[in-house]
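Enquirer:
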Amino acid sequence: MRIPEPTFEPALWHRRFCAITPWLALSGDLDTTVASNAERQLTEWVDNGVTHIVDLRGEWNDDEFVAEYSPLVSYHWLGTHDSGGHQTDEWYEDGLEVYRSVRAADGCAMVHCHMGINRGPSMGFRWLLEAGLDPVEALDLIRGARPIAGIIYANSALDHFHRTTGVDAAVAAAQHEAMREWFRNDTVDVSWVISRVRQAESY
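The numbers in numbering that gives the first Met the number 0 rise by one with no breaks, and the one at position 18 of the sequence shown is 17.
1. With DSSP as the reference, label Ala-177 as helix, strand or coil.
2. Classify Arg-125 as helix, strand or coil using the three-state DSSP reduction.
3. In terms of residues, what are the limits of the alpha helix (DSSP H) holding Gly-131?
4. In whole angstroms, what separates the C-alpha of Arg-102 from that of Trp-22?
5. For Tyr-74, report the span of its beta strand (DSSP E) as first-last.
6. Please name the residue or residues paired with Ser-26 in a DSSP beta bridge.
7. Between Gly-123, Ile-52, Thr-164, Ala-177, which lies nearest to Gly-149 when the distance is taken from Cα to Cα?
8. Are the CB atoms of Trp-76 and Asp-62 nearer to each other than 7 Å?
9. Hey, how far is the Cα of Cys-17 from the Cα of Leu-25?
10. Taking 6 Å as the limit between beta carbons, can you name the residues of its chain near Glu-92, skipping five residues before and five after?
11. As a quick exercise: from Asn-60, Val-53, Gly-83, pick the residue whose alpha carbon is nearest that of Gly-94.
12. By how many angstroms is the C-alpha of Ser-73 removed from the C-alpha of Asp-105?
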């Protein structure tokens, strides 16, 4: 189990830019409640090479804000729920369409949801699988760069990868077991992390 440092504060990671690969970054959303904050974040993203934004929040989108302040950035709204369980195949397919565009353009995508805990990291995980990474290697990359990542939709992401790429059944079973073992040994208290971020947002 990953034990947080005594001074670990999830809220400090909410909107932190987390580079996963040269073509993938994760974060929470733009703080558009304070326009100057959002402008500063967007500038940071662009300065770090972001050419595409994939916004996974079903509850909101920043289409107009990004168009006004960074019109050269390609913005994609793939809003979905954050209710636990599974995400749809269509959601992953839409995400992979953007992934292919990013890689073809030699670009970099900021993939984000509201807090950068579940939806964003889970889509990022699916992208890493598509890029050929082993599931455990992909999880290590995400959690190492973004320690508040819960990645609770990883199971549906791996299922989608197996179904759409024709992975051998024995290999698929072994990968699922390795992923379950990873989550048993490298846990994040998602409820606590969310509560700390929400508490900070309320001030």
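By construction, the Cβ of each residue, glycine as well, lies at the ideal position given by its N, Cα and C atoms.
Expert: On the basis of the data shown:
1. helix
2. helix
3. Where Gly-131 is concerned, there is no enclosing alpha helix (DSSP H), given that its DSSP letter is neither H nor E.
4. 7 Å
5. 73-79
6. His-111
7. Gly-123
8. yes
9. 5 Å
10. none
11. Val-53
12. 13 Å
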